[in-house]
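**Q** Structure below; questions to follow.
Protein chains in written order, with our numbering: chain A, 529 to 884; chain B, 5 to 249; chain C, 1135 to 1421.
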């Protein structure tokens, strides 16, 4: 009768994401308060909004890691494809007066086209040259949005979306937005997982380890890298559409290189090149940023002496410091933590066993 | 042989998860030339780079009675080692004079010796080293090691590779002259040169020491030379004057 | 004519700022393979230190000296404290500078606020002078002069001193420098000190140029610093000098003769085009 027990354990090890997903789907119905972690109960609109943002950024980081951790491509222009999804959809809504679904489809398409075009150009460079060209293109996009040509992008103010379907607007429908964010996360996780385990994914791994060796095998890395770039760009554009729904508009901050850097921070924080690391990093970063910001505005911090109060009032300062600490102390990111703990307990217990 | 100046035991090198050296043992005598031989890809250059700490290594490298695994490259080199790397390691954008000046460690560098052996270097002092011929670059590389009289060991990695025959002779003369004062560890494919210079030799194969002994003995044994070095030619050709390329 | 003169001088002034940022970036990358994302933070540290000293009646020249010194110290501390322990892990080194680049501007805005602070410009530098019919602000000349002095000093340092020789050799082949018995890590600290000093000087001068300091200044100048470094060829100070003149002028002229913002855009497009035609930059040196 031992056998079924073993099977349950191994089944759980393999299929635990399914019950986890079920729990996530049911969260809007929960009135459980998580004091300290969230302001209101889980199912309250404020909490759901924050959770949805966490999921979106977890998914974005996962998509970005397709380049950084899986293929070894350091892109400084990922914000561009995210912003393309947001702004193109928004423009289709506000300028062309399309309905939401056609607008979202066109927004996604513009991200795909942009990623294909610019990817095929930038990937002619490697290493730091590639990083710089992607940065240059993204910077061009950012400048374009902020200078507001013809008054269509709203410039520094951003651009509020109009004509969204009623079921996706307003505080009472936050649960719907949360489910959309969750669906986006699932799509991202599944497509990343599926491609990484496909033959293409194995070539990506080869490119990350040693691009020359892939060439020696008679494969052209360029095409494989372009697939990774376009897929990551597409996922980012899709995320942009979801973000538009969540925040009700487009903001120029999402076009900047700082935005791409924050994705980089999330990925490294969580653990680059791992299955769950970027997701964990994205969720942690987003949650910490919002919690720290609301903490900064609260009375708890206002009462502290200025030596503590001043740095604590800036989430980015804390996140920057935390990031440096992670780079030093946790080279594998948060995702590498369990393995490190295990390795430590093993290495501690072994000598004891030897002595005994 | 008296106590070796350099004594390498169980040298292992792993690069990018791949074991390049599995355990090389070698001794360099306090005088004369010790040749390091082996087929292409046997691990000769990695051995030299491992000795100098230019690649992560483990095992034991005792130099002048001190363990040097754990020292940085520059600390080791400052104890009196001159290094001529396989690709010559000449700084292309720097002039000949600057390349030499960079290598100065002694208060009184031996420019007279360098210019006597390689008069061309004096004429081309202000020329960018990248514009020199391969032979002239090799002169710069060897000149850098001869500059410091305090050097107590010279490690030269294939100094005659790809050079015109006339330049090979010039390099050989310089090495012969240097060997009178300083012991040399010489990686070399040119067996004629090995025969001319080396007293002892060490052969590595597949990242391990496969043979060590007097150089003349190995080169006289056609069968052994063929299996260890892959020199697939008749014994008389290998022993004749200028038998190797 | 007067407009062209004004645009030229202003473009060169902006180019001078870019050069001060880019020369250090270029040396640091050339020698250490570290793309220093904290360089903008060093600029901001210099800018705020200069502003602080100038507001405490130091007088501008002394305040600039103070700001440069603070920036240099910060840069050396960054290299010794954060970069050196990660030696042989260039990827982690870059990430550490990203963290510093995030944290320092946030700290500055925590202390002095996120809004721009007016920079106390001394009377002698606030005026204009007439050149070929154009009325040119004096501070542009100060910027250009400072950049020329730094360029000259760097060329003398690199060409005439032993440390400069080590830096130039290290840009080509770091391992070979150590194989000659030279501790190349001392050169790392040195280029960080030089880069930090130039960036902090740029910060102090940027206050003069823009008339104010704010925490994001460093970050936006850093982007154009990167552009200049890549265009000029990584590790080449002379290449950076040529590229910064081109970038500064193109930006000013395009901004004036078309809609505002197109200048920034054309610089970026120029970079992309250049890299696609000549992947190694103007001087043909890309690692």
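Virtual Cβ for every residue (Gly too), placed ideally from N, Cα, C.
Thinking C-beta only, is residue 1287 of chain C closer than 8 Å to residue 1210 of chain C?
**A** Position 76 of the third chain, counted from the first residue, corresponds to residue 1210 of chain C. Position 153 of the third chain, counted from the first residue, corresponds to residue 1287 of chain C. No, these two residues do not count as a Cβ contact at 8 Å.
**Q** Along the region 1327–1352 of chain C, where does the CB come closer than 8 Å to a CB of chain A? Name the residues.
**A** none
**Q** Which first and last residues belong to the alpha helix (DSSP H) in which residue 1281 of chain C is found?
**A** Residue numbering aside, residue 1281 of chain C sits at position 147 when the third chain is read from its first letter. Here the alpha helix (DSSP H) through residue 1281 of chain C covers 1272–1294.
**Q** For residue 81 of chain B, return the contacting residues in chain C, with the cut-off set at a CB-CB distance below 9 Å.
**A** Your numbering for residue 81 of chain B matches position 77 in the second chain. Correct list: 1312, 1313, 1314, 1315, 1316.
**Q** So with Cβ pairs under 8 Å, would you call residue 842 of chain A a contact of chain C?
**A** Reading the first chain from its first residue, position 314 is the one you call residue 842 of chain A. Output row for residue 842 of chain A: interface = yes.
**Q** According to DSSP, is residue 1350 of chain C helix, strand or coil?
**A** Mapped onto the third chain, residue 1350 of chain C falls at position 216. Coil.
**Q** Note down, in chain order, every chain C residue with its Cβ under 8 Å from the Cβ of residue 680 of chain A.
**A** On the first chain, residue 680 of chain A is found 152 positions in, with the first residue counted as 1. Chain C residues near residue 680 of chain A: none, gap ~13 Å exceeds 8 Å.
**Q** Among the candidates A/594, A/562, A/723, whose CA atom is the shortest distance from the CA of residue 757 of chain A?
**A** Stepping through the first chain from its first residue, residue 757 of chain A is reached at position 229. The candidate whose alpha carbon is nearest that of residue 757 of chain A is A/594.
**Q** Three or more C-beta pairs under 8 Å: does that hold for the region 1335–1347 of chain C against the region 1198–1208 of chain C?
**A** yes
**Q** Give the C-beta separation of residue 1315 of chain C and residue 119 of chain B to the nearest angstrom, bearing in mind that I take them to be a contact with Cβ-Cβ under 8 Å.
**A** Translated into positions along the third chain, residue 1315 of chain C becomes position 181. Translated into positions along the second chain, residue 119 of chain B becomes position 115. That belief does not hold up - the Cβ atoms of residue 1315 of chain C and residue 119 of chain B are roughly 22 Å apart, past 8 Å.
**Q** Note down, in chain order, every chain C residue with its Cβ under 7 Å from the Cβ of residue 668 of chain A.
**A** If you number the first chain from 1, residue 668 of chain A lands on position 140. Within 7 Å Cβ-Cβ: 1399, 1402, 1403.
**Q** Roughly how many whole angstroms lie between the Cα atoms of residue 242 of chain B and residue 1300 of chain C?
**A** Residue numbering aside, residue 242 of chain B sits at position 238 when the second chain is read from its first letter. Residue numbering aside, residue 1300 of chain C sits at position 166 when the third chain is read from its first letter. Model confidence at residue 242 of chain B stands at a pLDDT of 38, short of 50, so the residue's coordinates are unreliable; what they give is reported in the following sentence. Using only the alpha carbons, I get a separation of about 45 Å.
**Q** Are the region 110–127 of chain B and the region 82–91 of chain B touching, with three or more C-beta to C-beta distances below 8 Å?
**A** no
**Q** Helix, strand or coil, according to DSSP, for residue 699 of chain A in the structure here?
**A** Position 171 of the first chain holds residue 699 of chain A. In the structure shown, residue 699 of chain A sits in a helix (DSSP, three-state: H, G or I).
**Q** Considering only the alpha carbon of each residue, which of A/850, A/658, A/755 lies closest to residue 640 of chain A?
**A** Counting from one through the first chain, the residue named residue 640 of chain A turns up at place 112. The candidate whose alpha carbon is nearest that of residue 640 of chain A is A/755.
**Q** Excluding the five sequence neighbours on either side, which residues of its own chain have a C-beta within less than 7 Å of the C-beta of residue 605 of chain A, listed in chain order?
**A** For the purposes of this step, residue 605 of chain A is taken as the residue at position 77 of the first chain. Within the same chain, residue 605 of chain A has close Cβ partners 662, 663, 665, 666, 788.
**Q** Taking Cβ positions only, does residue 1234 of chain C come closer than 8 Å to chain A?
**A** If you number the third chain from 1, residue 1234 of chain C lands on position 100. Closer than 8 Å to some Cβ of chain A, the Cβ of residue 1234 of chain C qualifies, so yes.
**Q** Nearest-angstrom Cα distance between residue 1302 of chain C and residue 221 of chain B?
**A** As a working mapping, residue 1302 of chain C is identified with position 168 in the third chain. As a working mapping, residue 221 of chain B is identified with position 217 in the second chain. About 46 Å.
**Q** Where in the region 605–690 of chain A do unbroken runs of the alpha helix (DSSP H), each at least 4 residues long, occur, reported from the N-terminal end onward?
**A** 606–622, 628–650, 655–675
**Q** For the beta strand (DSSP E) containing residue 87 of chain B, list its first residue and its last residue.
**A** The sequence position of residue 87 of chain B within the second chain is 83, counting from 1. Start and end: 85–88.
**Q** Do we get a CB-CB distance below 8 Å when we pair residue 1309 of chain C with the residues of chain B?
**A** Position 175 of the third chain, counted from the first residue, corresponds to residue 1309 of chain C. So, interface residue.
**Q** Closer than 8 Å, Cβ to Cβ, to anything on chain A: give me those residues from the region 1224–1252 of chain C, in chain order.
**A** 1226, 1229, 1230, 1232, 1233, 1234, 1235, 1236, 1237, 1238, 1239, 1240, 1241, 1243, 1244, 1245
**Q** If contact is defined by three or more beta carbon pairs under 8 Å, each pair taking one atom from either stretch, is the region 1308–1322 of chain C in contact with the region 1138–1156 of chain C?
**A** No: fewer than three Cβ pairs fall under 8 Å.
**Q** Tell me the start and end of each unbroken beta strand (DSSP E) in the region 704–735 of chain A that is at least 3 residues and wholly inside, in chain order.
**A** none
**Q** Run the CB neighbour count on residue 1398 of chain C, radius 10 Å, all protein chains shown included, and call it buried at 16 or more, exposed below.
**A** Sequence index remark: in the third chain, residue 1398 of chain C carries index 264 (1-based). Residue 1398 of chain C counts as buried, since no fewer than 16 other beta carbons sit within 10 angstroms of its beta carbon.
**Q** What residues match up with residue 205 of chain B in a beta bridge as DSSP calls it?
**A** The residue labelled residue 205 of chain B in the question sits at position 201 within the second chain. Partner(s): B/39, B/217.
**Q** Kindly indicate which three-state DSSP category residue 593 of chain A falls into: helix, strand or coil?
**A** Residue numbering aside, residue 593 of chain A sits at position 65 when the first chain is read from its first letter. Correct three-state label for residue 593 of chain A: helix.
**Q** Using only alpha-carbon positions, find the residue among B/98, B/169, B/168, B/145 that is nearest to residue 159 of chain B.
**A** Residue 159 of chain B sits at position 155 when you count from the first residue of the second chain. Among B/98, B/169, B/168, B/145, the Cα nearest to that of residue 159 of chain B belongs to B/145.
**Q** Measure the Cβ-Cβ separation of residue 1230 of chain C and residue 1220 of chain C and say whether it is below 8 Å.
**A** Your numbering for residue 1230 of chain C matches position 96 in the third chain. Your numbering for residue 1220 of chain C matches position 86 in the third chain. Yes, these two residues count as a Cβ contact at 8 Å.
**Q** Is the beta carbon of residue 1381 of chain C less than 8 Å from the beta carbon of residue 1364 of chain C?
**A** Position 247 of the third chain, counted from the first residue, corresponds to residue 1381 of chain C. Position 230 of the third chain, counted from the first residue, corresponds to residue 1364 of chain C. No, the Cβ-Cβ distance between residue 1381 of chain C and residue 1364 of chain C is not below 8 Å.
**Q** So, is residue 246 of chain B buried or exposed, given that buried needs 16 or more other C-beta atoms within 10 angstroms?
**A** On the second chain, position 242 is the one that residue 246 of chain B refers to. Below a pLDDT of 50, predicted positions are generally treated as unreliable, and residue 246 of chain B, at 38, falls in that range; the measurement from the model is reported next regardless. The residue is exposed, with fewer than 16 neighbouring Cβ atoms inside 10 Å.
**Q** Using a Cβ-Cβ distance under 8 Å, would residue 1406 of chain C count as near chain A?
**A** On the third chain, position 272 is the one that residue 1406 of chain C refers to. So, interface residue.
**Q** Kindly indicate which residue of A/652, A/589, A/549 has the alpha-carbon position closest to the one of residue 1411 of chain C.
**A** Counted from its first residue, the third chain places residue 1411 of chain C at position 277. The shortest Cα separation from residue 1411 of chain C among A/652, A/589, A/549 belongs to A/652.
**Q** Pair every Cβ in the region 569–583 of chain A with every Cβ in the region 731–745 of chain A, then say whether three or more of these pairs are closer than 8 Å.
**A** no
**Q** Let's see if you can read the secondary structure: which residues bound the beta strand (DSSP E) around residue 25 of chain B?
**A** Locating residue 25 of chain B in the second chain gives position 21, where the first residue counts as 1. Residues 22–32.
**Q** Which residues mark the beginning and the end of the alpha helix (DSSP H) in which residue 51 of chain B is found?
**A** As a working mapping, residue 51 of chain B is identified with position 47 in the second chain. First-last of the alpha helix (DSSP H) with residue 51 of chain B: 48–56.
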